[in-house]
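Trainee: Next up is a structure, given as C-alpha cells.
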Amino acid sequence: ILTISACKESRQNDGAADPVVLGYSQLGDESTWRTRNSFSITTAAQKAGIKIMFEDAMQDQANQIKALRSFIAYKVDVIAFSPLVETGWDTVLGEAKAAGIPVILVDRMIKTSDQSLYACALCSDFRREGRKAGEFLVKKYKNVSGPVNIVELAGTEESTPAIGRFEGFRDIISAHPKFRVIFSEDGDFMASKGRELMNKILDLYKPEEINVIYSHNDDMTFGAIEVMQASGIRPGKDIAIISVDMTQRSVDYLKLGVVNCIIECNPNSGAQVMELARKVVAGEPVPKRTYIDEQTFDEFGAVGNIPNRGY
Ligand code: GYE
C-alpha cells in the first residue's frame, strides 16, 4: 500500500515497464466484513503486481470525494471505490471521465442517469439477499398463524445493501399478512449501534412481543445479541435471528443455535477487482455488472461442516 508521494517516486525511479496504478477509495472500517474486504483488495493488488493507493474514508462521503480527486490529480491508471451511498457522485465521476480514467464500482452501486460514468461494477445481489431472509421466515413460520412480529436493524441509510436487503425482504413477506415489521431503524452496520438499537427496542417492546430480529449485518447482530443476553433473553430461541454477512462468529452462533439463519455476503472480491482493473486499463471489454457468488445457511440445513471463514 503506497501513499501518493511514495507511489509517484517509485513510478519515476523504476525504469521497467510501468505497473498499473490503482486508486482505491474504501468507504470505511465499520464492520468485520469491511476489514476483510480491505484485506482482500490490498493483498490481491500486491499479488497481481498492481500498485494501489488505498484511502479509508471513515464513512464520510466528503472524504471519498476528496480521495477520488486526489487520484485524478495524480493521474492513476484506474480508480475503484465502494460508494458509501448511492447518490452524489456525478460531479466527481465526470471529472474522472474528463481525465480519461476508468472507474470500477466495488461492493455498492451508484444512482446516476449517466451510465458512462463508470466502466463496470462488481457487487452482491443485495435484493436477492433480502429475499432469502424473507424465504427463511416463510419456511420457519409455515405452520404458525401469526402475527409474527419482526424488528429490523437496517444498514447505512441510502446505501445499496440497506436498500436491497430492505426491499428484497418485503418482496417476500408482503405476500403473507401474518408478518409485521414493527420496528426498522438504521444501525449503520456497526456493533455499537446494534447495541443502541436493541436497548431502544427493549424499551419500546416486551421481549415476548418480538418474534424475529432481521439484522442487515453481523456486527449489528452481535451488538444486539449482547444486549439480549444481558437481559436474560435467549437469542435464537426466544427471538429468532437472521443475519447477513457470514463471518466466523456468526457461523459459530448458527452452530450453537443463537442465530437461526445467515445470508452470506462475500467480501473476498480482491482478485476479481484486480482482473477487472487490468482489463479496463488494457481497453478489453468487461461486463457492466458482475455479481459475486453467495449462499445461505440456516437451522434447517447441515451446519456442522461449514468450512472455516478465516475472518
Ligand atoms: O454487509 C456490511 C458492511 O456493503 C456489503 O457493508 C457491504 C456491507 C456489509 O458494513 O457488513
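According to the UniProt record's numbering, the stretch in the sequence shown is residues 14 to 324, in order.
No residue lacks a Cβ here, since even glycine has one placed at the ideal position from N, Cα and C.
1) When DSSP labels each residue in this structure, what does Glu170 get in the three-state scheme?
2) Using a Cβ-Cβ cutoff of less than 8 angstroms, which residues in the same chain neighbour Thr299 once the five nearest sequence positions on both sides are dropped?
3) Per DSSP, which residues does Arg302 bridge with? Please list them.
4) Indicate, with yes or no, if the ligand GYE has a heavy atom lying under 6 angstroms from the CB of Ser44.
5) Return the Cβ separation of Asp306 and Trp46 in integer angstroms, given the expectation that the two are a contact with Cβ distance under 8 angstroms.
6) Regarding Pro96 and the ligand GYE, is the C-beta to nearest heavy atom distance less than 6 angstroms?
7) Cutting at 8 angstroms between CB atoms, please list the residues of its own chain near Gly270, excluding the five before and the five after it.
8) For Arg82, I'd like the list of residues in its chain whose CB is within less than 8 angstroms of its CB, leaving aside the five on either flank, ordered along the chain.
9) Which residue's Cα is closest to the Cα of Lys191: Pro160, Gln72, Trp102, Ser282?
10) Between Cys274 and the ligand GYE, is there a pair consisting of the residue's CB and a ligand heavy atom that are separated by less than 6 angstroms?
11) Candidates Gln39, Ser44, Glu43: which alpha carbon is nearest Thr55's?
12) Can you name, in chain order, every residue of its own chain whose Cβ lies under 8 angstroms from the Cβ of Arg208, other than the five neighbours on each side?
13) Please return the same chain residues whose Cβ sits closer than 7 angstroms to the Cβ of Val286, not counting the five positions on each side in sequence.
14) Is Met233 helix, strand or coil when you go by DSSP?
15) Would you tell me roughly how many angstroms separate the C-alpha atoms of Lys64 and Leu35, rounded to the nearest one?
Mentor: Let me spell this out:
1) For the purposes of this step, residue 170 is identified with residue 157 of the sequence shown, where counting begins at 1. It is coil, neither helix nor strand.
2) Along the sequence shown, one-based indexing puts residue 299 at 286. Here the sequence assigns Val to residue 299, which means Thr is not the residue at that position. Around Val299: Ala132, Cys133, Leu289, Lys292, Val293.
3) Working through the sequence shown from its first residue, we reach residue 302 at position 289. Looking at the DSSP assignment, Arg302 forms a beta bridge with Ala134.
4) In the sequence shown, counting from the first residue as 1, residue 44 sits at position 31. Because some heavy atom of the ligand GYE lies under 6 angstroms away, the Cβ of Ser44 counts as near it: yes.
5) Sequence index remark: in the sequence shown, residue 306 carries index 293 (1-based). Sequence index remark: in the sequence shown, residue 46 carries index 33 (1-based). That pair is no contact at about 16 angstroms.
6) Taking the sequence shown and counting its residues from 1, one reaches residue 96 at position 83. No, the ligand GYE has no heavy atom inside 6 angstroms of this Cβ.
7) Residue mapping note: residue 270 aligns to position 257 of the sequence shown, counting from 1. Gly249, Lys250, Glu312, listed in sequence order.
8) Position 69 of the sequence shown, counted from the start, is the residue given in the question as residue 82. Closer than 8 angstroms at Cβ, skipping near neighbours: Val105, Glu108.
9) For the purposes of this step, residue 191 is taken as the residue at position 178 of the sequence shown. Closest by alpha carbon: Pro160.
10) One-based indexing of the sequence shown puts residue 274 at position 261. Shortest gap from the CB of Cys274 to any heavy atom of the ligand GYE: 6 angstroms or more.
11) Translated into positions along the sequence shown, residue 55 becomes position 42. Sorting Gln39, Ser44, Glu43 by C-alpha distance to the C-alpha of Thr55 places Gln39 at the top.
12) On the sequence shown, position 195 is the one that residue 208 refers to. Here the set comprises Gly236, Ala237, Glu239, Val240.
13) Locating residue 286 in the sequence shown gives position 273, where the first residue counts as 1. These residues qualify, in order along the chain: Ile54, Ala57, Ala93, Ile117, Val119, Leu135.
14) For the purposes of this step, residue 233 is taken as residue 220 along the sequence shown, with counting starting at 1. Look at Met233 here: in three-state DSSP terms it is helix.
15) Indexing the sequence shown from 1 puts residue 64 at position 51. Indexing the sequence shown from 1 puts residue 35 at position 22. Cα to Cα, the separation comes out at about 6 angstroms.
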